[in-house]
Structure formats: C-alpha cells, structure tokens
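Numbering (mature numbering (1 follows the signal peptide of the UniProt record, and there is no 0)), first residue to last: -17 to -1, 1 to 175.
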C-alpha cells in the first residue's frame, strides 16, 4: 500500500471516529405544571379531548430544526426529539389544560374517547421553531368543537414568542414548552 493510500485511509478512519464520538442528545417537551396526581376523571361539564397536534412538514422531523435567518433551516445532526413533536405537544397541552382547569375532565392522549358528548380541541401549528437570534416562535390555529356532531363552538389564531433564549437545545426545548403553556392558557379561557 502506498503512503498516499495509507494517509487517505487514516484520514477516513479519523473522520468516522470523530462522527461516532459525538453523543446524540434527546430532547422532550414537558408541562411546567404537571397534572395533580389525584385529579378526578368526573369533572364538571363536558370532557375535553386534545387531538393530535398537526405540525408543519418543515419542522416535523426527528432532529431539532432551527431557523437560520429568514430563508434557511438548520437541522441538528446530533440533537433529536425523544418522540414525534406533534404527539409531545398533544400530551403537554392536555397536561397544561388539566392543570389550568382542575374542575374539568381533561383526557390524556390514549384515554378512551367518551361515548357521549365531549369537546374536541384541534390545533394546527403554522410555526413552532427556535431561531438563531435567541427567539422561539409559536403560531397556531385552534378549533373547539362539540362532538360527536362536530359543531364548531369557537376558533382562533394565536401567536406567541419568547426572546433572549440561550442557543442550547435544552433551553430552546424549555422555551417551546413554555409557549405551549401560554397556548393552553388561552384555550382554557375558552373552555372554562
């Protein structure tokens, strides 16, 4: 083997070793105020069900995506979501609503859907992304319908952001969780 080939092979091995040495970081969204351990499933009024949250395709991916300027997205190579973003957002919103509406029955994802009437909360996220300038944005359309007939009771469009967020993925995920809590507060106002 020539010296040139040996150096090339050594360089490729070093590059692969460098890629393997960076551990993958897993992020999750979480409710800042967890559901009380003894919350009743027999609250007043109609039960509330939060549907799976629809996310835009450009951020609905396994890896953390950040906005770099106006027209470029950066997909992190070693920072992943622990679960699909829409499912985590659904869980966090249900937990936040249960905390904000302790006298109501808020069903968690996976709970059986009631046989009788209930309120269905649908959320269609337009934007939910941290940016490289220390901001995190959430823009979402939401709909509250009485089921099973599907009568739309109310709807709205919400836009929230937080600034001065450190560029660490953990801080960005925490800010995203806080924006979901703000959205749940607005929803709770209409569900209360």
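Ideal Cβ positions, reconstructed from N, Cα and C, are used throughout, including at glycine.
As the structure is a prediction and not an experimental result, all values here were calculated from the model.
Rounded to the nearest angstrom, the gap between the Cα atoms of residue 173 and residue 11 is 27 Å. Excluding the 5 residues flanking it on each side, residue 141 has same chain C-beta neighbours closer than 6 Å at 123, 166 and 169, in chain order. Residue 33 counts as buried, since no fewer than 16 other beta carbons sit within 10 angstroms of its beta carbon.
Distances from the CA of residue 86 to each of 150, 26 and 111 were compared; the closest alpha carbon is that of 26. Under the three-state reduction of DSSP, residue 140 is assigned to strand. Around the CB of residue 16, fewer than 16 other CB atoms lie within 10 Å, so the residue is classed as exposed. As DSSP reads the structure, residue 113 sits in a beta bridge with 119. In the three-state reduction of the DSSP assignment, residue 93 falls in the coil class.
Bounds of the alpha helix (DSSP H) holding residue 78 are 68 to 83.
Taking residue 64 as reference, the option from 45, 58, 81 and 74 with the minimal CA-CA separation is 45. Taking all protein chains in view, the Cβ of residue 79 is crowded by 16 or more other Cβ atoms within 10 Å, so the residue is classified as buried. When rounded, the separation of the alpha-carbon atoms in residue 92 and residue 171 is 17 Å.
Straight-line measurement puts the Cα of residue 129 at about 35 Å from the Cα of residue 155. Classified as exposed, residue 149 has fewer than 16 neighbouring CB atoms from the shown chains inside 10 Å of its CB. In the structure shown, the three-state DSSP call for residue 150 is coil. Between residue 108 and residue 51, the beta carbon gap of about 20 Å keeps them out of contact (Cβ cut-off 8 Å).
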